[in-house]
Each structure stands twice: as C-alpha cells, then as structure tokens.
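So the protein lines, in turn, are chains E and P.
Per the numbering used here, the very first residue in the first sequence carries number 1; after that it's consecutive.
Per the numbering used here, the very first residue in the second sequence carries number 1; after that it's consecutive.
For reference, the structure discussed in these notes is given below.
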Amino acid sequence: MTNNKIKMNLSCPMPKLDFDVITLGHGSGGTLSQQLLDSGVFTVLSNPLLDERHDGAIFNLNGRIAFSSDSYVISPIFFPGGNIGELAVNGTVNDLAMCGALPKYLSLSFIIEEGLTMIEFWDIINSIKTACDKAGVQVVTGDTKVVERGKGDKIFINTSGLGLLHPKAAIHLNRIKPGDKIILSNPIANHGMAVISVRKGLEFESEIVSDTRPLNHTVKLLLDQFGDSIHFLRDPTRGGVASVLNEVASDGKVGITIFQKDIPVNESVAGACEMLGLDPLYVANEGVFIAIVDESIAHDVVQFLRQQSDTAAACIVGHVCTEHPKQVILASTIGGRRVVNRLTGEQLPRIC
Amino acid sequence: MKYLSEYRNPELVEHFLKEIRKTVTKPWTIMEVCGGQTHSLVKNGLLSMLPENVHMVHGPGCPVCVTPLHLIDKAVHLAEEKKVILCSYGDMIRVPGSKKSLLDAKALGADIRILYSPLEAVNVAKANPDKEVVFFAVGFETTAPANALSVIHAKHLGLTNYSILTSHVLVPPAMEAIINDDTNVVQGFLAAGHVCTIMGMGEYYPLVKKYKIPMVVTGFEPVDLLQGIAMLVKQLENGEYKLENQYSRVVNEDGNPAARNTITQVFESSDREWRGIGMIPGSGLELRDDFSAFDANKKFQVDIPKAEENKDCIAGQILRGLKKPHECSQFGKQCRPSNPLGAPMVSSEGACAAYYHYSHTEEQMETI
C-alpha cells in the first residue's frame with residue numbers, strides 16, 4: 001500500500017467528501033478507493049498494525065490460537081438496537097469467545113453495492129470502531145470491493161478473527177456428559193424479533209431491540225473462575241437455542257431435556273412471537289450464550305453470571321441426560337413433553 | 001403474559017383433565033377442525049394426557065393444505081412472469097406444486113414477497129406502477145375480510161395493477177361433507193374459534209340440528225382445548241347435541257358484522273375444489289363481478305395442464321380425519337418437511353408437520 005496519506009483530522013462527524021454515494025470507482029483501487037479508505041476506514045479504525053498499510057498485518061502471537069470467520073448479510077442493515085457493522089465485530093468476537101479464546105485481532109472486508117450512501121457507510125464504520133473498543137479488539141487488515149447495483153444488498157461484511165486460547169479453557173462437544181446443566185446467559189429471541197419487526201412487509205410497532213453485544217469479557221471471567229468445569233459454550237445465533245441443543249444431542253450419546261417454564265423470554269418478544277406464530281427457541285440471538293457445565297458448579301455459575309451486568313438474567317434451563325439419546329425434549333409448562341426438532345428452512349409467519 | 005398465561009395454567013389444565021376423566025365412560029371420536037388447534041394439541045403434549053377413550057382426529061382446517069395443486073402451479077407460473085410481483089403469506093411458499101414451490105421459483109429469480117397483511121400488497125402495487133402485483137389470497141373465513149379489504153382499497157386508490165388469486169374456502173360446508181362421507185367416524189366437533197370470531201355461530205346451528213351432532217366453538221390454548229373437549233364429552237355422554245361456545249372471550253353470537261359485510265361486499269360463494277378431498281359445493285369464495293378487474297384468474301389467462309397428486313400421499317384421508325399422519329407409509333421417510341410429498345407436511349397448521357416437528361420418533365408416536 002502507498003504511504004502518500006492524505007492527512008485529515010477527522011472526528012465523528014462525517015468528513016466533507018466530493019461524493020455522497022459509493023460508486024464502482026470506489027472499489028477500483030484507484031484514487032476514489034484511496035479517498036474512501038483514507039477518509040473512513042484507516043482514520044477511524046487507526047491502530048499501529050493497521051497504520052502500517054501493508055498487504056497484511058504482521059505480528060507475534062504466542063500460544064494456542066483460535067481462528068474464526070463469519071460473513072454478515074443482514075437485511076435491513078440498520079435495525080433496532082444496532083447495525084451490520086457492530087454485528088460483524090460482535091459476531092466474530094463471540095465465535096472466538098465460544099472457543100474459549102480471548103479475541104485480539106480482526107480482519108474486515110466489505111462488499112458494497114454501488115449506491116450505498118456515505119452517511120450509511122460512515123455510520124457503519126463508526127459502529128465498528130465503537131464495537132471494537134468495547135470488545136477490546138483491533139482491526140488489523142481488510143479489503144473493500146464495490147459491486148454493481150443489483151449484485152449485492154447494500155453492504156456485506158466479512159470479519160475473521162484471531163484470539164489466544166484462555167489457559168484454563170477446555171471446551172469441546174466430547175466433554176459434555178450426562179448430568180451436566182444447561183445455562184442460558186440471557187433472555188432469548190431479541191435479535192431475531194427486532195430484525196423481523198422492521199423487515200419489509202412485516203413491520204410492526206415494538207420496543208424490541210437487538211441484543212448484539214460482545215460476550216468475550218464475561219466468558220473470560222467465567223473461565224478464570226470455573227476453568228475446565230465449563231464443558232461447552234455456544235452462542236445460539238441463526239437457528240436459535242433449539243439448533244444448538246440439537247447439534248449437541250446429535251452425536252448420539254446423550255439426550256437433552258429443557259424446561260419451558262425456565263426459558264427466559266422477555267414479554268414483548270414472547271408477544272411478537274405469538275403474533276407471528278414463531279417459536280422463540282428457533283429465533284436468532286446475538287448476545288446470548290449457552291453454557292453446558294458440570295452439575296457441581298451450575299448454581300455457582302448462575303450466581304456468578306447474575307452479578308455481571310450483561311448476564312443478570314442467567315438461569316439453568318435444562319440438563320444433559322441418557323434417557324432419550326439424540327433428542328431434545330421440552331417439558332412444557334402444563335406438564336406435557338414434546339420433541340424440539342431441528343428447523344427445516346426458515347421460520348415463516350403463519351397465515352392466521 | 002396477560003390473556004395468554006392464564007390459558008396455559010398447569011392447575012387449570014389438570015382441572016379440566018380431571019373433569020374429562022370423570023365424565024368419559026365410553027370411546028368417543030372428536031375432530032378439532034382447525035389446524036391451529038391440531039398444532040396446539042401436539043405441541044403442548046395434550047394428546048398423551050387425554051384418557052384413552054377420547055380419540056382426537058384432525059380436521060381439514062389448514063388453508064394451505066387444501067389449496068389445490070393447480071392453483072399453486074398457477075401462482076408459480078404467474079410469479080415467473082417478469083412483469084409480476086407475487087405476494088403471499090409465508091406459509092404458502094414452501095408448499096410443493098407439481099413441479100416446484102414458490103420458494104423454488106423465488107430462488108430461480110421470481111419476485112415473490114412474503115407479507116403479513118394483504119394491505120401491504122396494495123402498497124407494493126402502489127409503489128410499483130410498472131409491475132403487476134398479485135396477492136395469493138388463500139385462507140378460511142379468518143383471512144377473507146383482510147383480503148377483501150385489500151381489493152376495496154385498491155379500487156379506492158384507482159389501482160389497475162393489483163389483483164388477487166383466490167383460494168378461499170369455507171368451514172361449514174367442509175364439516176358437512178365430512179359428516180356425510182360414508183366413512184365418517186367423527187361424533188363431535190371442536191369448531192374453529194377464529195373462524196367463528198368473524199362469522200359468529202349462526203351457520204352452525206342448522207348443522208347441529210340436521211345431523212344431531214354436538215359442537216363446541218373452541219380456542220387454541222391448552223386450557224381452551226381441554227375445556228372444549230370436556231364440554232363436548234359431557235354432551236356426548238348425555239346423548240345431547242348442542243352448539244356451545246367455549247371461546248366466549250373472543251367469539252360472540254353474531255361474530256364480527258363489519259368483517260362479514262366486507263366479505264359479502266367483495267366475495268360470493270362458489271363451488272370449490274379442496275386439495276386431497278375434492279369438490280365441495282358452495283365451499284369457496286370468488287370475487288363478485290363488480291370486482292372482476294381484481295381477479296387474477298380473469299386478468300391472466302394461464303393454461304396449465306392439470307397435474308397428478310403424488311400417489312403415495314394420503315393427505316386426503318388425513319384431512320378428513322380417517323388416518324393419522326404416522327399411519328402413512330411415507331411419513332418421516334420419503335415425506336419430511338425438507339422433502340414434502342403433500343401440503344400437510346409443510347404448513348405450520350398441517351397435521352403431518354405437527355407430528356413431525358413435535359413427536360416424530362416411534363416411541364413418541366406410540367403415545368399419541
């Protein structure tokens with residue numbers, strides 16, 4: 001990369017630019033690309049590794065490393081409680097945290113559809129910066145491409161991340177054993193219902209906001225305290241809690257029982273789910289984790305999580321058992337039992 | 001949640017279960033008409049809580065399931081027209097047509113939009129004057145008022161690019177067809193609560209009287225369903241046949257006159273083919289001549305060969321309460337939600353989907 005930086009002293013307000021929408025030229029690698037990067041990405045996200053402007057970041061990392069990647073294609077790109085930018089940071093940060101890692105560096109790649117306004121892009125960049133600061137990670141390398149109108153959906157973002165494994169972490173599917181308790185860190189289904197409330201054709205008035213947030217700080221404290229008694233961690237994003245639990249049960253050795261009365265769902269979210277005929281167990285979350293922990297420490301874990309501001313509603317929702325291998329069974333509030341199956345395709349609102 | 005948690009109260013559930021157990025002395029076969037009721041029964045595990053003598057069979061009240069194959073083919077065909085934006089309720093788009101579903105067509109580039117309200121489709125038409133917007137208007141009496149209102153709105157706005165592809169069906173003629181069927185096993189009905197919210201109870205008295213069959217208009221929550229069953233079992237045991245209303249917090253005698261008027265302003269009754277069941281006289285709704293400009297069937301001349309149903313699918317017997325989903329040789333094998341042979345495996349109100357999602361293992365089936 002070049003060193004002839006255009007020095008601009010930028011703060012949060014958008015810089016004055018010759019353009020107000022992003023065009024194909026901004027992805028050409030030429031002058032317009034340079035202007036876009038200099039005025040936005042490099043300045044806002046500045047850190048010593050990124051400021052090198054090399055083709056890639058060069059650094060030392062000693063120890064066991066977790067490496068994760070995810071792409072973000074959410075529509076609409078702005079939704080109650082967040083936008084695609086902070087989602088892209090928190091999502092990868094959380095994936096690393098679920099491995100038991102302490103997230104450190106991210107890559108950040110944009111695929112932008114021409115016509116995205118600079119105001120939107122600027123808001124996204126600033127959200128990325130805020131989310132990085134909150135999670136304690138740095139963007140150290142990245143890429144920007146612009147595609148023709150109709151070939152994308154405003155903006156797609158890919159982030160990959162590296163983190164050092166927590167020295168006490170021993171998180172793996174094969175560590176789950178009968179008797180383990182299943183803990184949910186927060187009320188579920190907020191993110192999915194916040195997004196659906198503003199989706200075209202389905203708009204409804206609600207106060208529901210996305211729960212997108214970094215989980216790495218809480219997970220670090222959890223591992224500091226409980227170490228290898230935390231057998232498994234997973235953030236139930238797409239497909240929701242039901243999909244994660246089915247994945248756990250699918251190896252065939254264990255079954256899972258959960259109790260409907262214990263599953264935390266905020267009232268407004270439960271109401272929206274009822275209205276649209278959606279099951280909150282299948283709705284996406286962006287700030288919740290499932291911890292499967294040794295029975296002996298389960299209550300201590302819940303007490304510990306409840307003292308953290310981000311996980312004050314944590315609770316035990318079920319346990320791992322031997323009775324119905326491969327199956328997730330829900331004990332309903334009224335005393336019935338039913339299978340919680342894998343989702344087939346997307347959940348769709350019902351007719352009546 | 002107010003007005004919801006009360007109807008999922010474990011003590012009340014137990015209270016009505018006790019009442020049913022106390023009342024029942026011999027086997028009774030009861031049909032819940034609406035697919036929403038079927039799902040609630042299965043999802044809440046109620047079927048396994050009922051005494052053996054109370055045998056629930058599942059009715060035809062799944063609008064998506066009874067929409068004829070050739071209409072789905074027609075919707076797919078229209079959606080594939082470059083000029084057309086096809087709008088639909090979410091349930092409909094996964095149902096297999098003879099060659100593909102609307103979801104398949106969408107993946108191949110058709111402009112198909114999932115909406116929650118047909119009035120939103122009118123907005124789509126207003127915003128896209130160079131396109132033809134077609135709303136796939138399926139449903140029972142519950143969705144008919146909103147679908148009718150969309151046509152009234154479009155007419156009021158002077159829109160010429162909005163039309164609806166109607167597949168509207170009516171519940172009472174279908175219940176009558178089930179009663180009249182030679183193979184009928186149903187001795188009492190839980191009538192569909194939300195249909196009666198619109199239509200009231202008037203249409204059901206003649207059926208009760210003519211066929212001497214008890215009916216209870218029933219809601220959808222566990223307490224609603226068990227109370228409805230308790231009321232029906234009491235009538236059956238006493239040899240009575242009355243129309244009763246369990247769902248009185250929502251349904252009144254007259255229904256919703258404004259909604260009914262909207263339906264009659266726009267629609268008139270017609271003979272209608274039900275997928276899996278066949279032609280039932282007077283069981284459908286068609287647009288009146290005054291609104292024929294909004295009738296997609298008349299606006300677009302689509303000539304589609306009549307397709308054959310999959311021979312292995314027993315949806316017709318399931319929709320008439322003659323068989324249970326797990327009694328089908330293809331259930332959970334060839335036929336799954338990801339590869340459905342028939343509509344009841346797809347819809348959120350289909351009986352096969354309910355059984356598959358909530359209790360598809362063999363051990364579970366034995367308890368149903």
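Backbone N, C-alpha and C define an ideal beta-carbon position, used for all residues, glycine too.
Keep in mind it's a predicted model, so treat the numbers as computed, not measured.
Neighbours of R320 of chain P across chain E, judged by C-beta separation under 9 Å, do not exist; the nearest C-beta is about 21 Å away. Residues of chain E whose Cβ lies closer than 8 Å to the Cβ of N44 of chain P are, in chain order, S332, I334, G336 and R338. Closest by C-alpha distance to A284 of chain E, out of E:L106, E:I196 and E:I124, is E:I196. A straight-line Cα-Cα distance of about 5 Å links M118 of chain E and V21 of chain E. Cβ-Cβ distances below 6 Å link G192 of chain E to V283 and A284 in the same chain, with the five nearest sequence neighbours on each side left out; the list follows chain order.
With 16 or more other CB atoms across the displayed protein chains lying within 10 angstroms of its CB, Y204 of chain P is buried.
Of all residues in the stretch 256-283 of chain E, only E267, A270, G271, E274, L276 and G277 come within less than 8 Å of chain P when Cβ atoms are compared, listed by chain position. Annotation for N245 of chain P: the continuous beta strand (DSSP E) segment containing it runs L243 to N245. For R21 of chain P, no CB of chain E lies under 8 Å from its own CB, so it is not counted at the interface with that chain. Going by DSSP, N158 of chain E is part of the beta strand (DSSP E) stretching over I155 to L165. Linking S248 of chain P to N256 of chain P through their CA atoms gives a straight-line distance of about 13 Å. Non-local beta-carbon contacts of N47 of chain E in its own chain, meaning distances under 8 Å to residues more than five positions away in sequence, involve Q138, V139 and V140 in chain order. Contacts with chain P at 8 Å (Cβ-Cβ) include T344 of chain E. Across the structure, L37 of chain E and N216 of chain E are spaced so that their CA atoms are roughly 29 Å apart.
Identification of residues in the stretch 221-248 of chain E having a C-beta nearer than 8 Å to some C-beta of chain P yields an empty set. Cβ contact annotation for G142 of chain E (same chain, cutoff 6 Å, sequence separation greater than five): S107, L108 and S109, in chain order. The Cβ atoms of I256 of chain E and V302 of chain E lie no closer than 8 Å to each other.
Assignment of D312 of chain P by DSSP, reduced to helix, strand and coil, places it in the coil class.
According to DSSP, residue pairing for C315 of chain E in a beta bridge involves E:L184.
In the DSSP assignment, V265 of chain E falls outside any alpha helix (DSSP H), carrying neither H nor E. In the same chain as N266 of chain E, and ignoring 5 residues on each side of it, the C-beta atoms closer than 6 Å to its own belong to P187, in chain order. T322 of chain E is positioned such that its CB atom lies closer than 8 Å to that of P178 of chain E.
Leaving aside the five residues that flank V151 of chain P on each side, the residues in its chain whose CB is nearer than 6 Å to its CB run, in chain order, V266, F291 and F294. Look at N47 of chain E: its C-beta is not under 8 Å from any C-beta on chain P. Scanning its chain for C-beta atoms nearer than 8 Å, with the 5 sequence neighbours on each side dropped, one finds around G152 of chain E the residues I111, I112 and E113, in chain order. Rounded to the nearest whole angstrom, the C-alpha separation of A127 of chain P and A121 of chain P is 10 Å. In this structure, DSSP gives E237 of chain P a helical state, which the three-state scheme calls helix.
In the DSSP annotation of this structure, the continuous segment of the beta strand (DSSP E) that includes F110 of chain E starts and ends at A101 to E113.
For K145 of chain E, the three-state secondary structure derived from DSSP is strand.
S329 of chain P sits exposed, since fewer than 16 C-beta atoms from the chains shown fall within 10 Å of its C-beta. Among the residues facing chain E, R8 of chain P is included, as its CB has a counterpart in that chain under 8 Å away. Taking all protein chains in view, the Cβ of K154 of chain E is crowded by 16 or more other Cβ atoms within 10 Å, so the residue is classified as buried. Note on geometry: alpha-carbon atoms of L165 of chain P and G35 of chain P lie some 22 Å from one another. In the DSSP assignment, S40 of chain P falls within the unbroken alpha helix (DSSP H) covering G35 to K43. Counting along the chain, T142 of chain P sits inside no alpha helix (DSSP H), nor does DSSP assign it H or E at all. Here the C-alpha atom of R213 of chain E lies approximately 6 Å from the C-alpha atom of N90 of chain E.
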